[in-house]
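Presented below is the structure to which this report refers.
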Ligand SMILES: Nc1nc2c(c(=O)[nH]1)N[C@H]1C(S)=C(S)[C@@H](COP(=O)(O)OP(=O)(O)OC[C@H]3O[C@@H](n4cnc5c(=O)[nH]c(N)nc54)[C@H](O)[C@@H]3O)O[C@H]1N2
Ligand SMILES: Nc1nc2c(c(=O)[nH]1)N[C@H]1C(S)=C(S)[C@@H](COP(=O)(O)OP(=O)(O)OC[C@H]3O[C@@H](n4cnc5c(=O)[nH]c(N)nc54)[C@H](O)[C@@H]3O)O[C@H]1N2
Ligand SMILES: [Mo]
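This is the structure we're talking about:
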């Protein structure tokens, strides 16, 4: 019968290499999006669906959380990779009962993630009963009964885990956390734990709100944009349009990244004829090619050079009025900074002093600075420090809470920020708990629940026996693939609410269920009335998302409906009217309005084109911190003692994937085609290690005397700082130890894993 495979097969697909691109967008981007959309959806339906993306009455693009213009949207508010995300969901292919009858679970687990995704949309609820080899259809009512009975039988609600991925709408997410808390636990880990948790932790402590402070408009008013640890050409392509406009308005861009990503170099807008014919817009003015996890020393070097200039010409560099009135901890911060030796700091960055000086000269005289960042900063042991150091820079310049200035953690999943706003968190804020008690008349649990890392640990140790996922792909997204697989397989039951087949359906508990739900693009009708859901983007705008397509199957339920049925099957004497909420989402929004600040007149305001902004203290100069001010912080440099044969590995996304969903096998901008099992290496390092282009190597990590191996990767020479290597997520997740994570946020260290690169035996 064989064994379930937790990882994609280590097979090679026929690598081709070209020179990395220096321009993003352009005609190739258009052709690439057409190919994906028309291939999956067909020409007529594909075009109709595409024209609804991010329109006032259309649906929110599931691709990313980049904001839409408040006014004046163009007919096409999407990008190449948004088009791929939509095509992936709106596909006409179906993974139906016949599909599951044909393929056993063991067999499916030997498929690549690319092939699993290409099997199409899930069309009806399925169950894998204990000891069986195949998923079989099950009526919805029986599925809810089985799950409800399992939950009711658990000795403690804390033995159940309820994961959320960030596509879930505000309405579904609010109902879900309400159900989970009425059931009696705060075990609500979510993808954010692996994503921007470090940003949330650092920003809450320093400026009092765990979200960014800028709006899209700020990009058009700013003087300098710094972009650290982010690859928007691939992961937030609509951001390039904003950067292009910012440049046209005179802004300068400083990019800090170990890789020179094409999207940040030059951009041709795929929807502007002028751009397509010309050479596009140069985006980055100053590129600092930092070594992996070298950001704190680099920022410290910049801060120190700014401090020196300020001391030479007092009042010209720092905004002393702002520092005096709005901040706390300035003197301690300066005293600490003075202890560092500039050359020591620079030596830890792999960037030249001249380059850093260029950046310092640009920043020194400017007061309107936006700093953007993403996973390159949040997934390290000192990730929280990375972001706190950014805040230090902004505070020195008074660059927060004014037009054209502020923090911009660029969010990933399209509603990951909204999910947290409406209560998806393993911690329960006391004010929110109190509101839940007042409005719904029950006592929510106050004890912290499990985040992602603790959830893995609890399942591994047998303290949790039931795993439920509202979307996502837990086994492939989490670190330590083999260990996490064993943890999940020890569960009595695993349940997934999903649109598409993925590996988490295959690495299962004793009983496993798949509950197929409507996607963003599809019509949601409850009791004859069309419903819409709402989401929050990276800049805190809450707006509608309206699906319009006829659903791929008549058996799909909406996520709010699934939660309501689950609650009815599990909770006896619930104080919540679940049926009313599932029937009319206005009722969910009323409940959100009653329990969460900032949603006043929710139903009315969200019906205005473009929606509304949530309040944001950091934007308004109202810092909800322990000091009532914006806090400077003192951060240490990271320490990595790499042996001669060790490297610091970052796991990144290719241009053809959405997290664990693999759209294709190419990474066009980086010039790597038809292969994902690659390790990008510096050519000098290769020479020192006796490695050649296309050599096959095993990657090995060793933490706490435990060796983890990712076998048969292909060496690709790449322009990357010495001692750093890059691989793709999720193939390399097996190397990331689950118990190594960021201090303060517990985000796994997916961007700084120490590895060895060992030549495979020649056979
Ligand atoms: N098409 C597409 N869009 C997506 C996604 C997707 O998978 N595909 N995922 C969505 C999600 S959930 C998220 S969170 C975002 C992710 O968006 P990104 O954060 O852009 O994604 P990553 O590929 O992880 O890229 C990290 C970038 O950080 C750099 N980097 C790595 N380590 C360091 C470091 O130590 N210092 C610095 N300065 N830079 C570093 C890498 O070279 C790379 O350019 O995108 C969202 N949008
Ligand atoms: N090594 C390494 N690991 C990482 C990262 C990294 O950079 N490196 N990045 C981390 C980050 S930033 C994130 S956000 C996580 C992502 O972790 P997840 O959010 O768990 O993973 P996704 O791949 O986005 O989930 C894809 C699945 O979601 C389901 N889905 C899609 N749309 C819907 C929908 O509308 N409703 C429902 N119910 N299901 C839907 C589909 O079945 C699809 O297979 O991974 C993290 N893991
Ligand atoms: Mo993410």
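Residue numbers (the numbering used here): 1 to 763.
All C-beta atoms in this analysis are idealised placements derived from N, C-alpha and C, irrespective of residue type, glycine included.
Length of the line joining the Cα atoms of residue i and residue j
{"i": "residue 560", "j": "residue 314", "result": "58 Å"}
{"i": "residue 370", "j": "residue 226", "result": "6 Å"}
{"i": "residue 732", "j": "residue 51", "result": "36 Å"}
{"i": "residue 153", "j": "residue 161", "result": "15 Å"}
{"i": "residue 18", "j": "residue 684", "result": "19 Å"}
{"i": "residue 339", "j": "residue 69", "result": "45 Å"}
{"i": "residue 581", "j": "residue 532", "result": "13 Å"}
{"i": "residue 572", "j": "residue 266", "result": "59 Å"}
{"i": "residue 242", "j": "residue 219", "result": "7 Å"}
{"i": "residue 185", "j": "residue 293", "result": "36 Å"}
{"i": "residue 158", "j": "residue 147", "result": "16 Å"}
{"i": "residue 752", "j": "residue 382", "result": "10 Å"}
{"i": "residue 191", "j": "residue 316", "result": "43 Å"}
Distance cut-off 7 Å: residue i Cβ against heavy atoms of ligand 1
{"i": "residue 253", "result": "no"}
{"i": "residue 653", "result": "yes"}
{"i": "residue 640", "result": "no"}
{"i": "residue 380", "result": "yes"}
{"i": "residue 114", "result": "no"}
{"i": "residue 228", "result": "yes"}
Reference residue i; option with closest CA among the options
{"i": "residue 3", "options": "288, 485, 232, 114", "result": "485"}
{"i": "residue 412", "options": "37, 14, 36, 63", "result": "63"}
{"i": "residue 322", "options": "382, 282, 723, 402", "result": "402"}
{"i": "residue 372", "options": "436, 539, 356, 471", "result": "539"}
{"i": "residue 501", "options": "126, 405, 586", "result": "126"}
{"i": "residue 348", "options": "382, 514, 265, 291", "result": "291"}
{"i": "residue 284", "options": "254, 567, 308", "result": "254"}
{"i": "residue 439", "options": "647, 590, 568", "result": "590"}
{"i": "residue 250", "options": "224, 55, 529", "result": "224"}
{"i": "residue 150", "options": "548, 545, 423, 495", "result": "495"}
{"i": "residue 98", "options": "91, 35, 424, 119", "result": "119"}
Any non-hydrogen atom of ligand 3 within 7 Å of residue i CB
{"i": "residue 413", "result": "yes"}
{"i": "residue 408", "result": "no"}
{"i": "residue 195", "result": "yes"}
{"i": "residue 191", "result": "yes"}
Residues bridged to residue i (per DSSP)
{"i": "residue 697", "result": "713, 759"}
{"i": "residue 708", "result": "701"}
{"i": "residue 280", "result": "Its beta-bridge partners do not exist; DSSP assigns none."}
{"i": "residue 234", "result": "BP columns for residue 234 are empty, so no partner."}
{"i": "residue 408", "result": "372"}
{"i": "residue 769", "result": "With the chain running from 1 to 763 in the structure shown, residue 769 is simply not present."}
{"i": "residue 432", "result": "None, per the DSSP bridge assignment."}
{"i": "residue 545", "result": "533"}
Sequence-distant residues of the same chain with beta carbon closer than 6 Å to residue i, five excluded per side
{"i": "residue 593", "result": "599, 602"}
{"i": "residue 474", "result": "163, 504"}
{"i": "residue 487", "result": "456, 459, 460"}
{"i": "residue 745", "result": "197, 198, 201, 384"}
{"i": "residue 345", "result": "297, 300, 301"}
{"i": "residue 207", "result": "618, 623, 630"}
{"i": "residue 637", "result": "296, 297"}
{"i": "residue 476", "result": "503, 660, 730"}
Any non-hydrogen atom of ligand 2 closer than 7 Å to residue i Cβ
{"i": "residue 84", "result": "no"}
{"i": "residue 481", "result": "no"}
Nonlocal neighbours in the same chain, by C-beta distance under 7 Å from residue i, ignoring five residues either side
{"i": "residue 563", "result": "172, 175, 176, 179"}
{"i": "residue 711", "result": "10, 698"}
{"i": "residue 629", "result": "326, 327, 328, 623"}
{"i": "residue 763", "result": "Low per-residue confidence applies at residue 763: pLDDT is 48, beneath 50, and the placement is therefore not dependable enough to give any value."}
{"i": "residue 759", "result": "691, 695, 697"}
{"i": "residue 262", "result": "20, 21, 22, 23, 24, 233, 669"}
{"i": "residue 334", "result": "307"}
{"i": "residue 546", "result": "57, 58, 59, 532"}
8 Å CB neighbourhood of residue i in its chain, flanking five on each side removed
{"i": "residue 621", "result": "326, 401"}
{"i": "residue 585", "result": "171, 526, 531, 532, 533, 560"}
{"i": "residue 722", "result": "291, 350, 682, 684, 685"}
{"i": "residue 303", "result": "337, 389, 392, 393, 396"}
{"i": "residue 305", "result": "342, 356, 357, 360"}
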